Structure formats: C-alpha cells, structure tokens
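Numbering (my numbering), first residue to last: 118 to 441.
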C-alpha cells in the first residue's frame, strides 16, 4: 500500500490540464453504466432538527464519507471532517479494482481541492463558448484557485478577474494564479463581485459563503456560470439559465440544499453531465444561451482522482510503501 503525505502531493506538482481529461473519462464511464456511487454520508453534530436540510450550516462538527467505484479504475473513499468550520486531516483511500485491496492512502488537503473542482473544467468544456476568453472568479481560497485553473485548461482564457471580500486574499490569489499560468493569461483583481461578473464569458464561484455571491442580472448573454457551493447560486441566474449538473441525485439530496433551484419552472429537468459527454443530451444550444453548471460532492470523483494521483506518484517514485 502506497502512502502519500501532504508533502508528497505537493511534490507531484499536479496541473489541471492533466487531471481534467481523467475526470472527463470518469464521467464518460458513468454515462456508460460502468460506475457506482453510494450517497454521501454527512454525520453532523449537533444533529439537524426534524425537517431541516441544513440551511445555514448550524452544526459545529461534521464527518463526511464519500464512496464511489469506476470499472477498471478502482474504489475510492474520502473521509473528511471539520470542527468549527476548520478542515481537519482528511484522507483519500484507493482500493484496487481487481482485488479490492487497499492500494493507496493519500493525504487529501490538496487532492480534495483538485478532485472537487476538476469537474469545473469538464463543465466549461461542454457548456462554455468555444472562444470564451474571460473568466470571473468569485473566491480566493484553495478551491477557487484550482477551479480557475480547470477552466483555463479547456478554454483560450486571456483574462482572469478575481474577487473575494478581503483585498489581501484576492491579491494573493491573483499573484498565485499568475505564477501558475505564466505568459498568455493576464490575472487581475476586481473591486466587486459585480465587476468580476460583468463581461465574463465564464463565471466560477468557489467560496465559503452562506448566501448568493452573484446576481443573475449581471450575466451577459452566452455566459456560463459554474457553482461549487449550493448557497452561492441565486434564483435569477436559475431563471435566466439552463441548468446542467455533474450528479443530479447529489444536487437533489445535498445538505444544505441548492435552494435557488426552487426558481426552476415546473416540469423543467436538470441535464446530467455524463449524458452531455456521451452526446445523449445537449450542452449549449446557442451562442446566447446562459448555462449554469452545478458541481456537488460525488464519490466518482474520489475514485478517479485517487487513481490518477496514485499512477502519477508511482511513475515519479514518490511516496512510501507500507506493509499490510
């Protein structure tokens, strides 16, 4: 069994340009019926009151268990928790497809952010305008940085605008993304969320917000919005756009809920990304259509990302082999 520490995952120097294709292939296999996932278990303390779906995130501690399996790739399980909203020592386990033996145990601090936002790249590939050149990023933390890189990996982005409430944080994020991108991409900070969204062909939200972080009226025709947290989305964006989800059951059962989806017209169904990847459903249908991509937690991502990281580590000779 290979053990990868946080320092090991840093040494791998993972880039979204190599992760996004692996996650796209995972969605293809999902669409072909070659994957299985169990519902995410979220153990909350204090427990939710009867009838609550977790609006406001009032719990103090939680433990999340997210399992998934993909044929030929393996079984993945993420174990992660938080105490007083601080993430604590998560880990990702990979079990071999053939033997179901424990193959790798991976520190999930960095890998979790990669796994969580790589689908943003797949959503952008199938929903964003082919010539989309400007990204508006709301958020400046770990997930926001990887989400921006995922979108830039699939579209010819030339300008990336960053906004978050703390000026020092958003400048640090902009500087980091500029170093990662190098020449050909200009990264700058914006003075407000509205300034970030206006004129952007792709808008990505990856925050810790407990309420919407953008307004649908700010969106240009033809733009694509990709949301990584349910509270970030507002009802006007849902009314103006067509919604595609990476995992519909994950959206329907999410704790807390995607409350803005109550703005969906009666009878309108959410398109699922694996169907779009396989061509069974349409992604974007016109240059002026507004697309909304939802990216809930999904155990398939843990299996696919763990296997990708394991192969990369083995190839690079990184990690420690442990005896059972």
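Ideal Cβ placement from N, Cα and C applies to all residues, glycine included.
Just so it is clear, the structure is predicted and the values come from calculations on it, not from any experiment.
Residues sharing a beta bridge with residue i, DSSP
i: residue 478; result: Since the first residue of the chain shown is 118 and the last is 441, residue 478 is not available in this structure.
i: residue 121; result: 223
i: residue 411; result: 344 and 362
i: residue 453; result: The structure shown does not extend to residue 453, since the chain is modelled only from 118 to 441, so the question has no answer here.
i: residue 184; result: 194
i: residue 253; result: 278 and 320
i: residue 438; result: 119
i: residue 239; result: For residue 239, which the question treats as bridged, DSSP gives no partner whatsoever.
i: residue 388; result: 361
i: residue 153; result: 186
i: residue 159; result: 181
Backbone CA spacing between residue i and residue j [nearest angstrom]
i: residue 369; j: residue 169; result: 14 Å
i: residue 250; j: residue 271; result: 11 Å
i: residue 396; j: residue 342; result: 21 Å
i: residue 429; j: residue 438; result: 15 Å
i: residue 176; j: residue 200; result: 9 Å
i: residue 197; j: residue 207; result: 4 Å
i: residue 222; j: residue 210; result: 5 Å
i: residue 266; j: residue 242; result: 13 Å
i: residue 227; j: residue 173; result: 26 Å
i: residue 357; j: residue 338; result: 9 Å
i: residue 255; j: residue 307; result: 10 Å
i: residue 183; j: residue 407; result: 31 Å
i: residue 119; j: residue 374; result: 37 Å
i: residue 435; j: residue 225; result: 16 Å
i: residue 322; j: residue 261; result: 7 Å
i: residue 295; j: residue 263; result: 13 Å
i: residue 432; j: residue 292; result: 30 Å
i: residue 286; j: residue 215; result: 45 Å
i: residue 425; j: residue 398; result: 27 Å
Inter-residue CB distance, residue i and residue j (contact presumed, cutoff 8 Å)
i: residue 252; j: residue 239; result: Between residue 239 and residue 252 the Cβ distance is about 15 Å, and since that is not below 8 Å, they are no contact.
i: residue 276; j: residue 310; result: The Cβ separation is near 16 Å, so there is no contact.
i: residue 353; j: residue 333; result: 3 Å
i: residue 381; j: residue 355; result: 6 Å
i: residue 244; j: residue 410; result: 6 Å
Report yes or no: do the stretch 164-184 and the stretch 298-305 share at least 3 C-beta pairs separated by less than 8 Å?
The way I'd put it, the stretch 164-184 doesn't touch the stretch 298-305; fewer than three beta-carbon pairs between them come closer than 8 Å.
Could you tell me which uninterrupted beta strand (DSSP E) segments, each at least 3 residues in length, are contained entirely in the stretch 188-222, listed from first to last along the chain?
Taking only runs of at least 3 residues, the beta strand (DSSP E) segments lying wholly in the stretch 188-222 are 191-200 and 203-212.
When you compare the stretch 125-141 with the stretch 156-163, are there three or more beta-carbon pairs, one atom per stretch, that lie closer than 8 Å?
Taking a contact to require three or more Cβ pairs closer than 8 Å, the stretch 125-141 and the stretch 156-163 do not qualify as touching.
Could you check whether the stretch 357-365 touches the stretch 385-403, counting it as contact only if at least three pairs of C-beta atoms, one from each stretch, sit closer than 8 Å?
The stretch 357-365, when compared against the stretch 385-403, does touch it at the 8 Å Cβ threshold.
Only counting runs of 4 or more residues, tell me where the alpha helix (DSSP H) segments fall wholly within the stretch 284-342, in order along the chain.
Whole alpha helix (DSSP H) segments, 4+ residues: 284-298 and 310-314.
Between the stretch 345-360 and the stretch 274-287, do three or more beta carbon pairs fall short of 8 Å?
At 8 Å Cβ cutoff, the stretches do not touch.
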